[in-house]
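Chemist: This structure is in structure tokens; I'll ask about it shortly.
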Amino acid sequence: MSNPSTTAPRLTALSHGAGCACKLSLEELQGILAGVTWPAHDDLLVGLASGDDAAVWRQPDGRVMVATTDFFTPLVDDPRDWGRIAATNAVSDVYAMGATPRLALNLVGWPRDLDFDLLREVLDGAVEVAADAGYVIAGGHSIDSVEPLFGQVVIGDADEVDVLTNASAVPGQAIVLTKPIGTGVVTTALKRSEPLHEGPRNGAAADGALAVAYRAAVDEMTRLNRDAARIAREQQATAATDVTGFGLLGHLHRLTSASGVAATLHAQQVPLLPHVGELLDAGFVPGGSQRNAEQAGRFLTGELPSERTRLLLADAQTSGGLLFTVDVDRAELAVAALTALGHDAAVVGGTHEGTPGQLRVVEG
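Numbering follows my numbering, in which position 60 of the sequence shown is assigned residue number 85; successive positions increment by one, without gaps.
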């Protein structure tokens, strides 16, 4: 991880939002998409209908093409780290579908009065991730923008029989999460605080905690979901998605809605980044996480969790882990395999029969 620069402008001060927390809300997006008539095609296996992570197009040889795109405003001040995070986040959708990334195009929005050397560092960070993941950046598109923006279109492929979607979970399965949550809280704390080398502004509650949380968050946001996807396939996962801007609650709701099942989430089993609770208590809550928590009231059932728990579980993630369903006897095998590779993974709940998309949160 790079050290935040002491001389360059703070990238996080140049945007109104941060990372995937600047997404339109799930409710807004659903309303917009519902008003458009989308064309169908026999070879379009996964499109807009299920709200999945990527589009899947059938090829004539039993293979499929998987295509996705993601871009966002800066969520860290170091430009190389921003490029690494954005590329890791973009390729995650390909992994979530059970595919292998092959090709990418960069998407750039850049203010003309912002040093282009910073943009080169962003691009260098993305190249580093692409080399690690094994895909090629072959071009892109750039515009003059009020706020800096960066992301990628990523294209991958897979055997059709190996594709994972968010619509195939069945009752009685375990739910596995492969990364800790809390990146929205941490990056909001960074944006609202003084640069890390000067110390945070909000006093003892955040003092020291932010630097530790920031390092952990960047490590997780630049960790490819390649291992998680491979192990999910090995353990015969039935459905998968990645956890990003709609938070753990929102993405689990989408998966269970598409699959026609309900789920129970055990809050105490959800892994968290270090010091996230302290930073949340100090008031560092992204606007996107607040919207997620409010909208979760539409699909939460039973005894509602505390506001603090709801905010944590709804925290808008950037480059989060995979969330997948798997038979109970295989779930611990998956977690053990991920843990052996250094991933902070856990079984966080289970699926069951019930109103599709309804979630029950157990705090104890």
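Note that beta-carbon positions come from the ideal geometry of N, C-alpha and C, so glycine has one too.
Would you call Gly374 buried or exposed, if buried means 16 or more other Cβ atoms sit within 10 Å of its Cβ?
Modeler: Buried, by the Cβ-count rule.
Chemist: Please classify Gly382: is it buried, with 16 or more other beta-carbons within 10 angstroms of its beta-carbon, or exposed?
Modeler: Gly382 is buried by the Cβ-count criterion.
Chemist: In its own chain, which residues sit with a C-beta less than 7 Å from the C-beta of Ala230, not counting the 5 before and 5 after it?
Modeler: The pLDDT assigned to Ala230 is 42, lower than 50, so where the model puts this residue is not dependable, and the model offers no usable value.
Chemist: Alpha carbon to alpha carbon, what distance is there between Phe349 and Pro283?
Modeler: As written in the sequence, residue 283 is Ala, which differs from the Pro given in the question. If you take the alpha carbons of Ala283 and Phe349, they lie about 13 Å apart.
Chemist: Closest to Ser170 by C-alpha separation, out of Thr334, Val101, Phe97, would be which residue?
Modeler: Ser170 has its Cα closest to that of Phe97, out of Thr334, Val101, Phe97.
Chemist: Between which two residues does the beta strand (DSSP E) carrying His291 extend?
Modeler: Segment 287-291, the beta strand (DSSP E) holding His291.
Chemist: Go to Leu130, then tell me how far its beta strand (DSSP E) extends in each direction, as first and last residue.
Modeler: First-last of the beta strand (DSSP E) with Leu130: 125-135.
Chemist: Between Val154, Gln260, Thr281, which lies nearest to Ala192 when the distance is taken from Cα to Cα?
Modeler: Closest by alpha carbon: Thr281.
Chemist: Taking 8 Å as the limit between beta carbons, can you name the residues of its chain near Ala370, skipping five residues before and five after?
Modeler: Cβ within range, chain order: Val201, Leu202, Thr203, Lys204, Ala253, Pro296, Gly346, Ala359, Val360, Leu363, Thr364.
Chemist: Note down, in chain order, each residue of its chain lying with its Cβ closer than 8 Å to the Cβ of Val286, except the 5 sequence neighbours on either side.
Modeler: Around Val286: Ala194, Val195, Pro196, Thr376, His377, Glu378, Gly379, Pro381.
Chemist: Hey, Leu235 and Val178: beta-carbon distance below 8 Å or not?
Modeler: No. Outside cutoff.
Chemist: In terms of alpha-carbon separation, which member of Asp77, Leu338, Pro311 lies closest to Ala321?
Modeler: Residue Leu338 is the option with its Cα nearest to Ala321.
Chemist: According to DSSP, what are the bridge partners of Gln315?
Modeler: Answer is none; Gln315 lacks a bridge partner.
Chemist: DSSP state of Ala163, grouped into three classes?
Modeler: Note: Ala163 maps to strand in three-state DSSP.
Chemist: With H, G and I counted as helix, E and B as strand and the rest as coil, what does DSSP make of Met122?
Modeler: In this structure, Met122 counts as coil in the three-state DSSP scheme.
Chemist: Going by the CB atoms, is the gap between Glu388 and Thr334 shorter than 8 Å?
Modeler: Going by C-beta atoms, Thr334 is nearer than 8 Å to Glu388.
Chemist: Taking only beta-carbon atoms, is Leu338 less than 8 Å away from chain B?
Modeler: Of the chains in the structure shown, none is chain B; there is only one protein chain.
Chemist: CB-CB under 6 Å to Leu274, same chain, minus the five flanking residues each way: which ones, in chain order?
Modeler: Here the set comprises Ala321, Leu338, Ala339.
Chemist: Excluding five sequence neighbours on each side, which residues of the same chain lie with their C-beta closer than 6 Å to the C-beta of Gln294?
Modeler: Closer than 6 Å at the Cβ level, and outside the excluded window around Gln294, lie Ala371, Val373.
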